[in-house]
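A quick write-up on the structure given underneath.
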Amino acid sequence: MSAQHNKKRVLVTFFEAGFGHITTAASIADAIEELNDPSIELIRKYPFHDDPALRKIERSFVKDVKWANTFPWHTHIQMAATHIFGIHNSLPFVVSTVYARARKIYLKMLEDIRPDIIIDTHYLTSFLATQYRDKIDPHVKVITYNPDNIVHNWWNIRVDKFIVNCNLAFHDALKHDFTRKQLVQVPFVTRKELMAVTEDKAYYREKYGLPQDRFTVMVAAGGYGKSGMEKVLDALMKGVRKPFTLVAVCGTNKRLYDRMMKIKDKVAPQIDLRPYEFVDKVYELNRAANVLITKGGPNAMLDSALMEVPIGVFYCASNIEEEATHLFTTMLNCGRNLLHRRRVVQWVNDCLEDPSILDIYIDSERTIRRAGNGAKNIAELIQTYSAN
């Protein structure tokens, strides 16, 4: 550690661009805190909340994610654009031009904190951390955890350690010019609360007032409730033949929630419609379900796998989500890649006819859970990692 500190100052940054970046950052910070290591000073920081210029950037990323959740071509165009100046030059160009003022503010914030180790879960904060190291404080170490299951062009190859969560991402990182010395592979990183869940479906159905004896389908589309979720709900209410409980987690999409609340007592008698807004412990509702119908967000699929609830994917907002869906459905066998409302309805009908067809997916999900929480592995790495 630096001679200026008595403790190793470990900064974990939080950045909202979809909720996966925040939840994984929190998981890593919690795991470091649980070490109870007196030689570590943990600093949790939402740096883009501290200045109007920085807040504006974060809001633009949130807006961009919502656009991608609505228009799938949006992110594909963005990914194609990263090749314009070369895969390792586009982000430096954008930061030095579009984000020049924000970069100055961000680097000053880091200089005030004077960390020994910086841990990031987003490509923008990761790049800015290396800028701080190279321009201001060469002793600092920059560690990045990639919450996705692939590596895209804007992940910064100049970090000290780049942590991935699966073989697919590891080999993808090598293709993007990361070195084996930089790379660390850990199990999937998740919240400690999920790994602490031991109660069964009956427990959470009682907690949330859901019927015990009905097949339960949960539909969610990330925290924003976009991605054609409303059309999927309508298709299920129209096309599912047998009685079932339909849990609709609308997130921050108030218009969708209001509509579901308005029609919940008017739907067909075999449907028990249960709308929810944003649910903090959504994994508990997930655990209560028999299947999760969702978009291809890596963290949503991981949460469902850890709750041992098979996944049906109806939408992918980007190539990142397409690859994540391929990983969780085809490679890890945690569910089905459906990608059409008609196929969603057919799968749910098949599951209602014979719920045992889900057993093979549940067995695969138990294997993932047994691998443990990668946040603990990262915390142990930080504990032994020298910042000299």
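In the working numbering, the protein residues as written are 224 to 611. Glycine included, C-beta positions come from ideal geometry on N, C-alpha and C.
Practice item. Check whether the Cβ atoms of LYS231 and ASP339 sit closer than 9 angstroms, and answer yes or no. Key: yes
Check your understanding: Can you check whether the CB of HIS399 is closer than 9 angstroms to the CB of ILE386?
Key -> no
Check your understanding: So LYS430 and GLU507 are in contact, right, with Cβ under 8 angstroms, and what is the actual spacing, rounded?
Key -> 7 angstroms
Point to revise | Limits of the alpha helix (DSSP H) - the one that ASP395 falls within | key: 390 to 398
Point to revise | Span of the alpha helix (DSSP H) around ASN509 | key: 505 to 511
Review point. Hey, LEU515 and ILE534 are a contact pair by Cβ (cut 8 angstroms); roughly how many whole angstroms apart?
Key: 5 angstroms
Review point. With a CB to CB cut of under 7 angstroms and the five nearest residues on each side skipped, what residues in its chain are close to LEU561?
Key: GLY535, VAL536, PHE537, VAL567, TRP570
Check your understanding: Are there three or more Cβ pairs, one per stretch, closer than 8 angstroms when the segment 409 to 424 is compared with the segment 244 to 258?
Key -> yes
Review point. Candidates THR468, GLY519, ASN376, ARG497: which alpha carbon is nearest LEU575's?
Key: THR468
Check your understanding: Leaving out five residues before and five after CYS473 in sequence, what residues of the same chain have Cβ atoms less than 7 angstroms from its Cβ?
Key -> GLY448, LEU479, TYR480, MET483, PRO498, TYR499, GLU500
Practice item. Give the DSSP-derived three-state secondary structure of GLN408 in the structure shown. Key: strand
Exercise for review: Please list, in chain order, all residues of the same chain as ASP260 whose beta carbon is under 7 angstroms from its beta carbon, the five residues on each side excluded.
Suggested key: GLN606
Review point. Can you check whether the CB of PRO370 is closer than 9 angstroms to the CB of THR348?
Key: no
Point to revise | Where the alpha helix (DSSP H) through VAL365 begins and ends | key: Not the alpha helix (DSSP H): VAL365 falls in the beta strand (DSSP E), residues 364 to 368.
Practice item. Compute the distance between the beta-carbons of ASN612 and ALA594, then report whether it is under 9 angstroms. Key: Residue 612 lies beyond the stretch modelled for the chain, which goes from 224 to 611, so this question has no answer here.
**Study point:** Under the three-state DSSP convention, the category PRO338 falls into
**Key:** coil
Review point. Are the beta-carbon atoms of GLY407 and ILE342 separated by less than 9 angstroms?
Key: In the sequence under discussion, the amino acid at residue 407 is Val, which differs from the Gly named in the question. It is not a contact, given that the beta carbons lie outside the stated cut-off.
Exercise for review: Give me the Cβ distance between PRO578 and ASN513, rounded to the nearest whole Å; I'm assuming they're in contact under 8 angstroms.
Suggested key: 7 angstroms
Review point. By the 10 Å Cβ neighbour count, where 16 or more other Cβ atoms means buried, how is PRO521 classified, buried or exposed?
Key: buried
**Study point:** For PHE237, the nearest candidate out of SER262, HIS272, ASN229 (CA to CA)
**Key:** HIS272
Practice item. Alpha carbon to alpha carbon, how far is PRO361 from GLU544? Give it in angstroms, no decimals. Key: 35 angstroms
Check your understanding: When you compare each of THR590, LEU581, ARG565 to LEU555 by their alpha carbons, which one comes out closest?
Key -> THR590
Review point. Alpha carbon to alpha carbon, what distance is there between LEU351 and MET332?
Key: 11 angstroms
Review point. Hey, would you say ASN376 sits closer than 9 angstroms to ALA547, going by beta carbons?
Key: no
Point to revise | Reference ALA392; option with closest CA among ARG592, ASP383, TRP378 | key: TRP378
Practice item. Answer with buried or exposed for PRO270, where buried requires no fewer than 16 other C-beta atoms within 10 angstroms of its C-beta. Key: buried
Point to revise | Residue span of the beta strand (DSSP E) that contains THR517, given as start and end | key: 514 to 518
Practice item. Below 7 angstroms CB to CB, which residues in the same chain sit around PRO466 once its five sequence neighbours on both sides are set aside? Key: ARG437, GLN493
Review point. Among SER587, ALA598, VAL365, LEU529, which has the Cα closest to the Cα of VAL420?
Key: LEU529
Practice item. State the Cα-Cα distance for the pair VAL317 and SER609, rounded to the nearest angstrom. Key: 32 angstroms
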